[in-house]
Amino acid sequence: MKNTFSRTWGIHTQNDFVFLNESVIAIGWEELGDLSSLDKTKDAIKNKYQAVFPTAKKMNVANCVGSISRFVIDMQIGDYIVFPSKYNREINLGVVDSEYYFDSNAKIYNHRRKVKWLKHLPRTAFSQG
């Protein structure tokens with residue numbers, strides 16, 4: 004059953020320009036390849052992760068698989084994105100505009116979703132708390 008409400012997700016990156024210039028949000032783990040053909044379950048992602056990273060520690064597997072499955076499975080079109088940019092010190096607010104896809108032509112962050120950026124606010128518009 005599809006959710007009838009939008010969630011808000013926070014995301015960070017090492018390369019702000021990919022997110023802002025390409026209007027996407029994205030994650031790493033390029034070694035996993037395209038995950039769209041897997042069953043839409045956390046177990047399927049875990050099995051793939053363990054096959055690709057057989058020496059990964061149990062806690063590392065749990066943390067990484069959790070992050071990947073939230074991005075690939077849980078996130079939905081219409082959910083909101085909060086992305087604090089280190090480059091321009093802005094808080095970028097957007098909405099997820101596509102399903103998960105794997106961009107094999109991308110140099111980094113191949114696991115992607117398109118996003119429509121709605122607002123770019125200076126961090127000073129927010130309190131520290």
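With our numbering, letter number 49 in the sequence shown gets 52, and the count goes up by one each step, no holes. Think of the CB as a built atom: it goes at the ideal place given N, C-alpha and C, for glycine as much as any other residue.
Which residue wins for smallest C-alpha separation from residue 72, given the options 128, 39 and 15? 39
Around the Cβ of residue 61, are there at least 16 other Cβ atoms within 10 angstroms (buried) or fewer (exposed)? exposed
Segments of 3+ residues assigned as beta strand (DSSP E) that fall wholly inside the segment 31-94: 83-87
Take residue 64 and list the residues in its own chain whose beta-carbon comes closer than 8 Å to its own, dropping the five residues that flank it on each side. 49, 52, 53 and 56
How is the alpha helix (DSSP H) around residue 25 delimited, first residue to last? 19-25
Whole-number beta carbon distance between residue 28 and residue 85, since they are thought to touch under 8 Å: Not really, about 10 Å apart at Cβ, beyond 8 Å.
Residue 3 to residue 35, Cα distance in whole Å? No answer is possible for residue 3: it lies beyond the span of the chain, which begins at 4 and ends at 132.
Could you round the C-beta distance between residue 70 and residue 30 to whole angstroms and report it? I think they count as a contact, below 8 Å. 7 Å
Along the chain, where does the beta strand (DSSP E) that runs through residue 13 open and close? 11-13
Out of 91, 97, 104 and 116, which one is the CA nearest neighbour of residue 125? 91
From which residue to which residue does the beta strand (DSSP E) around residue 116 run? 114-125
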